[in-house]
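What follows is a single structure, written as structure tokens, with notes after it.
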Amino acid sequence: FFFSPQEIVSGESEEEESNGVNLMEFSDEILLHILSYVPCTDLVLNVRRTCRKLATLCLDKSLTHTVLLQKDYKVNKDKVKQLMRDIGKEIYQLNMAGCYWLPSSTIDHVTRCKNLVKLNLSGCHVTSLRLSKMLSTLQHLRSLAIDVNPGFDASQLSSECKATLSRVSELKQTLYTPSYGVVPCCTSLEKLLLYFEILDRSREGFMLSGQLMVGESNVPHYQNLRVFYARLAPGYVNQEVVRLYLAVLSDRTPENLHAFLISAPGSFAETGATKNLLDSMARNVRLDALQLPKAWINGSGLLQHLKFNNPFYFSFSRCTLSGGHLIQRVINGGKDLKSLTSLNLSGCVHCLAPESLFRKAEDDIDSSILESLVASCCNLRHLNLSAAHHHSSESIGNHLCQLLSRLKHLLSLALPVCSITDVAATVEKPPTASNLVPQAFGRKVRIGVQTYPRNLADQANQKIESSVFWALMGSLRFLETLEVIGSSFSSAMPRNEPAIRNSLPPCVRAQSVGDSEVAAISQLTYLQSLTLAQLPNILTGSGLVNIGLQCQHLRTLSLANLGMMGKVVYMSALMDMLKHCKCLRDLRLEQPYFCAGAQFFQALSHCSSLQRLCIVSRSGTLQSDAVMSFMANCLEVIMCHMFMGESLTVCKNLQQSIVRSFQADRPALNVVIFPLLHEDLTEVIRDVPMRHLDEITLFKSRVAEEPPNLWW
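For the sequence shown, position 561 matches number 561 in the UniProt record's numbering, and the numbering has no gaps at all.
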């Protein structure tokens with residue numbers, strides 16, 4: 001939104017005066033389109049007070065029908081109260097997901113939205129009594145998302161509240177305690193999304209049980225269920241509780257079930273009840289979306305018996321599924337599968353090989369399997385091949401990058417680093433002592449003065465424009481999300497465990513991947529999210545500058561373990577890159593020995609749209625004065641997470657200073673500064689709002705992680 005309220009009132013800016021253009025002379029349709037990019041709180045509380053015409057337009061149904069507050073970090077309790085007073089009756093869809101900073105009393109004002117059909121309160125503080133009071137007034141509600149926290153008591157829900165829940169057809173529950181939540185009250189459920197975030201231990205160190213709370217023996221109603229989705233955080237309690245939800249499904253599988261998805265990390269063993277459920281599904285339903293724990297698929301003939309209708313999403317993440325089984329049992333021997341838009345094969349190490357029995361994970365892929373996959377699933381928009389060694393053979397024209405270039409509709413793609421290297425270059429130029437990057441901490445190798453071309457013309461001479469990866473990037477011009485992650489990369493910050501101190505060395509095939517490959521990414525004009533992890537041959541980071549110049553839509557950037565591990569060799573290039581990233585909102589950096597000093601934060605201050613910053617660095621250092629100056633200059637920053645090598649005292653003092661100085665003006669401010677290797681790190685992590693933890697603080701591949709449009 002490029003006009004100030006004063007310019008809107010006068011209808012012209014200085015530039016407009018000379019051109020004779022008056023904003024208020026635009027048609028209502030054009031003005032409504034412009035106003036649709038303005039946060040609803042600004043429209044109702046500010047813009048509509050500027051003139052009569054805008055006062056009318058700002059209350060147009062197209063702008064008030066759906067109110068999105070989920071990333072409006074400037075909204076506070078008073079603004080929500082006034083917003084509900086002014087347009088509450090006009091709101092049909094309200095999304096307050098992740099508004100963790102709003103006090104629970106804010107929810108009371110939602111009762112003014114009598115016509116609400118969809119309501120998302122995930123990440124908000126809602127007690128049983130407040131939920132009951134609110135839902136009692138929302139008789140038209142059909143879609144609901146809430147958190148179930150310790151202390152939730154379903155017996156406190158009134159009969160009017162239960163009547164509303166009985167009409168809800170879509171429910172999303174995030175569980176922080178063993179409970180059915182409101183599921184037993186929702187007798188008309190068609191879509192059920194469950195997120196299990198229950199910890200195995202309490203804050204006091206007591207082991208928790210997966211048994212449900214007393215009085216929660218009511219049975220869920222699944223007879224109308226069409227979509228069942230469950231995502232489990234690590235921990236055995238989450239597995240125990242999800243089995244209770246599945247027990248009812250195993251007794252009677254809903255006839256209309258068309259999407260069944262369970263995302264479970266680690267080992268989640270199959271039981272007799274789950275086997276009965278899968279057998280029943282194989283007999284009675286035809287699926288459009290499928291995701292199962294790896295133990296339920298590995299070694300079984302399940303996929304051979306399941307029937308599919310017009311599938312749009314498959315996830316076989318971390319399964320030992322071979323390429324032969326993938327072709328024969330999933331895509332029917334290479335038959336047309338144009339309906340499939342999202343495919344997750346992350347960690348599926350044998351998915352591009354005919355069989356897995358005698359195959360090593362590092363062996364070459366069978367290009368004919370990938371060719372069949374590409375030909376059959378020609379409309380793929382999201383594809384994840386990360387966390388595996390997909391090595392192409394020397395056959396001309398059959399490189400993985402060449403085959404993927406045929407997928408012209410791709411919007412997001414995740415690849416292992418070793419899959420993008422040119423086979424000929426790897427064979428002809430094996431790593432030598434002069435260019436091999438150290439794989440672990442040790443004696444630092446001097447690689448000379450760090451210089452790199454300052455403009456694209458100079459850089460062009462160094463690019464390998466004939467490389468297969470360069471050609472792939474050139475063919476996927478509309479790609480919005482790209483992840484290139486080392487097949488053996490693991491973040492120093494796992495979820496519920498101490499920080500990892502040692503990392504595995506990169507794949508030998510990945511040793512040649514460096515600056516020129518990064519430069520190739522700059523061809524992606526519409527790129528919005530970029531993740532690069534464990535690229536060993538980064539020497540200067542020159543390609544990052546190209547990306548900063550060319551990818552002007554970039555909003556999310558995550559860099560981890562680039563180049564040699566004993567020194568941040570790309571710091572100068574990174575600082576030059578950041579000066580051009582005007583749209584960047586999220587930045588995550590994970591690199592040992594990272595120095596977060598004055599020069600870095602001065603460069604970062606050019607990112608005027610930045611909202612969230614996360615730095616993870618073993619033995620990393622920071623300058624407190626530079627951090628404070630950065631926070632003062634970048635007014636949009638509401639999240640600052642830094643896990644470094646500084647002492648606990650330095651970290652605590654800086655965190656307290658930031659909160660004390662900026663919390664009043666930034667209600668959503670969340671600051672965590674803590675020693676990375678401290679034994680209490682996991683206790684600190686558990687207090688981070690789930691929105692930040694899931695979206696930026698924890699490293700993971702996010703391409704095809706969930707079906708597209710799973711929730712609004």
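Every residue, glycine too, gets a C-beta built ideally from N, C-alpha and C. The structure presented is a predicted model; accordingly, all values stated were derived computationally and were not measured.
Asked	Found
Per DSSP, cross-strand counterpart(s) of H391	D364
C-alpha distance - F643 paired with V330, whole-angstrom precision	43 angstroms
Best match in H258, I369 and L352 for proximity to A282 [C-alpha to C-alpha]	H258
Residue span of the beta strand (DSSP E) that contains T174, given as start and end	E170 to L175
Inter-stretch contact at 8 angstroms, needing at least 3 Cβ pairs: the stretch 69-88 / the stretch 104-118	yes
Residue burial classification, H399 (beta-carbon count within 10 angstroms, cutoff 16)	buried
Separation of Q70 from V183, as counted between CA atoms	24 angstroms
Whether I369 touches G323 by CB criterion (8 angstroms)	yes
Cβ neighbours of T421 in the same chain (closer than 6 angstroms, five flanking residues each side left out)	R509, S512 and V513
Spatially closest choice to L578 from N561, M564, L613 and G566, by CA coordinates	L613
6 angstroms CB neighbourhood of S467 in its chain, flanking five on each side removed	D422
Burial state of H325, where buried means 16 or more other Cβ atoms lie within 10 Å	buried
Local conformation of V182 per DSSP, three classes	coil
Element boundaries [alpha helix (DSSP H), containing N238]	Y236 to D251
Exposure of M207, with buried meaning 16 or more beta-carbon neighbours within 10 Å	exposed
Under 8 angstroms between C-beta atoms of L549 and H580	yes
Residue 713, buried or exposed, once every other Cβ within 10 Å from all chains shown has been counted against 16	Coverage of the chain is limited to positions 1 through 712, which leaves residue 713 absent and any answer about it impossible.
Supposed close pair A533, A560 - CB separation, criterion 8 angstroms	4 angstroms
Residue burial classification, V237 (beta-carbon count within 10 angstroms, cutoff 16)	buried
Candidates K79, P293, P592 and S250, of which the one nearest K567 by Cα	P592
Opening and closing residue of the beta strand (DSSP E) in which A560 lies	T556 to L562
Where L479 sits in the DSSP three-state scheme	coil
One or two residues paired with A289 in a DSSP bridge	A259 and Y313
Between the CA atoms of L562 and E636 - distance to the nearest angstrom	28 angstroms
Whole-Å CB distance - F268 paired with A233, under 8 angstroms assumed	Actually they are not in contact, since the Cβ atoms of F268 and A233 sit about 12 angstroms apart, beyond 8 angstroms.
The stretch 167-180 in contact with the stretch 142-150 per 3-pair CB rule at 8 angstroms	yes
Proximity to V484 [Cα-Cα], best of I327, A520, M493 and E170	A520
Alpha helix (DSSP H) segment containing H382, residue limits	It is not in any alpha helix (DSSP H) - H382 instead sits in the beta strand (DSSP E) that spans H382 to N384.
Extent of the continuous beta strand (DSSP E) run through I673	N670 to P675
Every unbroken alpha helix (DSSP H) within the stretch 494-581, with a cutoff of 4 residues, ordered by chain	515-520, 542-550 and 571-578
Per DSSP, cross-strand counterpart(s) of N344	S315 and N384
Proximity to G210 [Cα-Cα], best of P220, E240 and S188	E240
R52, enclosing alpha helix (DSSP H) - first and last residue	R52 to L57
L255 versus L119: straight-line alpha-carbon distance, rounded	The question names Leu, yet the displayed sequence has Glu at residue 255. So the alpha carbons of these two residues sit roughly 27 angstroms apart.
4-residue-minimum alpha helix (DSSP H) runs that sit fully inside the stretch 591-620, ordered along the chain	598-604
Contacts around S701, its chain only, beta-carbon distance under 8 angstroms, and the 5 residues preceding and following it disregarded	S346, N384, S386, A387, A414, E483, I485 and T531
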